[in-house]
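The structure appears below as C-alpha cells.
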Amino acid sequence: MAAVLALMSSLGVAGATTWAGAETGSAGYGVRVGSSLVAVPRLGALGVEGSAEKGWQGKNRYALGVTLRDLNLPLTKVDAFASAGAEYRQGLNLYAEGGLRGPVLGPVGWRAYARSTLSGQLGAGVGLELRF
Numbered sequence: 003m004a005a006v007l008a009l010m011s012s013l014g015v016a017g018a019t020t021w022a023g024a025e026t027g028s029a030g031y032g033v034r035v036g037s038s039l040v041a042v043p044r045l046g047a048l049g050v051e052g053s054a055e056k057g058w059q060g061k062n063r064y065a066l067g068v069t070l071r072d073l074n075l076p077l078t079k080v081d082a083f084a085s086a087g088a089e090y091r092q093g094l095n096l097y098a099e100g101g102l103r104g105p106v107l108g109p110v111g112w113r114a115y116a117r118s119t120l121s122g123q124l125g126a127g128v129g130l131e132l133r134f
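Heads up: the sequence shown begins at 3 in the working numbering, then just goes up one per residue.
Next comes the structure, spelled out in C-alpha cells:
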C-alpha cells in the first residue's frame, strides 16, 4: 500500500501528500500510512489511510478509512483531521476518529487523536508522522 500511495503522490495526483507514522495509544501501538487524493477548497484534503496496531492485550487492529485532513486552525500551526472507515479486531467494525496535527521539525510532526467504534469502544493516542 505504501508503494501505491507514494506512486500516486509522485505522479501529481491532485492535492497529493503522502504520510507515514508511528503511534502509541490506549489500545496498543502501531503504524499508519496514507495519501491525500483530492484537495477540498477552503477545507483541506480528502484521502485514504490504512493502519495496523499491535494490541496491548493481544488484539491486533487493522483499519482502512477515508480521511479529511489539513483542516487549518487559524492563527496556529496546528490543523485538524477527521477519519471514518472499517476496522478488523476480532471482527469487522466501523470507526470514526478525529484529532490534531502539528509541526515538530521539517517534515516530521506530532499527532493526537481520539477514536470511537460503532460497538462502543473508545480510544486515544499520540504519535509522530512524516509527510513527503
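Here a beta-carbon is modelled for each residue, glycine too, at the ideal position from N, C-alpha and C. As the structure is a computational prediction, the values presented were derived from the model and not from experiment.
Measuring straight from C-alpha to C-alpha, what distance separates residue i and residue j?
| i | j | result |
| --- | --- | --- |
| residue 112 | residue 44 | 23 Å |
| residue 127 | residue 64 | 16 Å |
| residue 26 | residue 117 | 13 Å |
| residue 11 | residue 34 | In this predicted model, residue 11 has a pLDDT of only 45, less than 50, meaning its place in the structure is not dependable; the value taken from the coordinates is given anyway. Taking the straight line joining both Cα atoms gives about 16 Å. |
| residue 81 | residue 124 | 22 Å |
| residue 31 | residue 102 | 18 Å |
| residue 59 | residue 90 | 15 Å |
| residue 78 | residue 29 | 30 Å |
| residue 133 | residue 122 | 31 Å |
In three-state terms, what does DSSP make of residue i?
| i | result |
| --- | --- |
| residue 112 | strand |
| residue 83 | strand |
| residue 38 | strand |
| residue 76 | coil |
| residue 122 | coil |
| residue 44 | coil |
| residue 21 | strand |
| residue 60 | coil |
Rounded to whole angstroms, how far is the Cβ of residue i from the Cβ of residue j, which I believe are closer than 8 Å?
| i | j | result |
| --- | --- | --- |
| residue 50 | residue 19 | About 12 Å; that fails the 8 Å criterion. |
| residue 67 | residue 86 | 6 Å |
| residue 93 | residue 71 | Residue 93 to residue 71, Cβ: 28 Å. No contact. |
Taking 7 Å as the limit between beta carbons, can you name the residues of its chain near residue i, skipping five residues before and five after?
| i | result |
| --- | --- |
| residue 24 | 33, 129, 130 |
Leaving out five residues before and five after residue i in sequence, what residues of the same chain have Cβ atoms less than 6 Å from its Cβ?
| i | result |
| --- | --- |
| residue 98 | 86, 118 |
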